[in-house]
Amino acid sequence: MKERLQKIIAKSGITSRRKAEELIELGCVTVDGKTVNKLGTRVDSKASLIRVSGKPIQLEEKVYILFYKPKGFVTTLCDEFNRPTVMDLLRGVKERVFPVGRLDYDTEGLLLLTNDGDYTNKLIHPKFKVPKVYIAKLKDRVEPEKITVLRRGIRLEDGWTKPAKAVILSQTNAFTVLKITIYEGRKRQVKRMADAIGHPLMELKRIQFGPYSLGTMQKGQWRYVKQYEIRSNGTTHHGDTQGTENIWR
183 MKERLQKIIA
193 KSGITSRRKA
203 EELIELGCVT
213 VDGKTVNKLG
223 TRVDSKASLI
233 RVSGKPIQLE
243 EKVYILFYKP
253 KGFVTTLCDE
263 FNRPTVMDLL
273 RGVKERVFPV
283 GRLDYDTEGL
293 LLLTNDGDYT
303 NKLIHPKFKV
313 PKVYIAKLKD
323 RVEPEKITVL
333 RRGIRLEDGW
343 TKPAKAVILS
353 QTNAFTVLKI
363 TIYEGRKRQV
373 KRMADAIGHP
383 LMELKRIQFG
393 PYSLGTMQKG
403 QWRYVKQYEI
413 RSNGTTHHGD
423 TQGTENIWR
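In structure tokens form, the structure reads like this:
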């Protein structure tokens, strides 16, 4: 059965479907020795030899991994500045997986890794509005009117943000701890939102991504996702998000 070439590449686990489309358009993909750069080309993966950047792809068994990313690691497979990556901590994982979205170098928390490009697309594409929940520590006391601004949406340099959920967990005159839920995946979005209301971000931790929660995992720990846990929507399937105690454990 023939399928779209970008879908086959995503199924192989080497990248997401969106990235596969970019690779096709760049001329990095060949089918039976011929370069294919037209999106939507249909191919029989069982009868054709497909290569990406000269390497043949192989359809792999799909795996899904939850990982508690510590600070000080980049969310990439390799880094041009030789900084440590999340892959350095995934010892014992035999399958070739890639991160679903990103967490910044100085951000900790829940990260999903998989070799399922289709599932990745369902989690990160803006049209699916998958929730991402963070605990954010902002400088100084944040007044209620600033929280209202976060909930309504903020104009950033790349456009208006979608309305966010924001709840104060604790605060002093020196800082405010918020639980923030966003439905987009812009670069450094929470940090830029905090800057926009005049309260720079001090610390940030993601505790939930779509149906998955950090739960009781410790920094650097990872585990395979069980089949019954896998969902493509934003409904929490298991575990409760943690309370305010031991937020920065």
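In this note's numbering, the protein residues as written are 183 to 431. Here a beta-carbon is modelled for each residue, glycine too, at the ideal position from N, C-alpha and C. Keep in mind the model is a prediction, meaning the values are calculated, not measured.
Beta-bridge partners of residue i, as assigned by DSSP
i, result
"T267", "V256"
"G341", "L338"
"V211", "V234"
"E385", "K319"
"Q403", "According to DSSP, which records beta bridges pairwise, Q403 is partnered with nothing at all."
"L248", "L294, R405"
"K184", "D226"
"K201", "None, per the DSSP bridge assignment."
"K189", "Answer is none; K189 lacks a bridge partner."
"K314", "I364, F391"
Member of the options whose CA lies at the smallest distance from the CA of residue i
i, options, result
"D340", "I247, C260, Q371", "Q371"
"L360", "I317, F280, E385, G397", "I317"
"T343", "Q353, V324, A376", "A376"
"T354", "K369, A378, V324, L396", "V324"
"Q403", "P252, Q240, Y410", "P252"
"K237", "T212, F255, V245, T257", "T212"
"I412", "T398, R405, Y394", "Y394"
"Y301", "E185, G195, K184", "G195"
"L383", "Q240, R368, T217, D288", "D288"
"C260", "V279, E243, V245, E242", "V279"
"D298", "E185, V275, R199", "R199"
Cβ distance (whole Å) where residue i is taken to contact residue j below 8 Å
i, j, result
"K387", "F357", "Actually they do not touch by this definition, with Cβ atoms about 14 Å apart."
"G337", "A346", "The question names Gly, yet the displayed sequence has Arg at residue 337. That belief does not hold up - the Cβ atoms of R337 and A346 are roughly 13 Å apart, past 8 Å."
"L248", "L294", "6 Å"
"F391", "K304", "No, F391 and K304 are not in contact; Cβ-Cβ is about 12 Å, not under 8 Å."
"Y250", "L396", "6 Å"
"I364", "V331", "Between V331 and I364 the Cβ distance is about 14 Å, and since that is not below 8 Å, they are no contact."
Backbone secondary structure at residue i - three-state DSSP
i, result
"K328", "helix"
"I364", "strand"
"Y394", "strand"
"E411", "helix"
"H419", "With a pLDDT of only 41 at H419, under the threshold of 50, the placement of this residue in the model should not be trusted, and no figure is reported."
"L123", "With the chain running from 183 to 431 in the structure shown, residue 123 is simply not present."
"T426", "The predicted position of T426 is uncertain, since its pLDDT is 37 and thus under 50; a value taken from the coordinates is nonetheless stated next. Coil at T426, not helix or strand."
"T217", "strand"
"T358", "strand"
"P281", "strand"
"K304", "helix"
"K309", "helix"
"K369", "coil"
"I379", "coil"
Are the segment 223-230 and the segment 187-200 in contact at 8 Å, needing three or more beta carbon pairs? yes
The segment 233-242 in contact with the segment 260-269 per 3-pair CB rule at 8 Å | no
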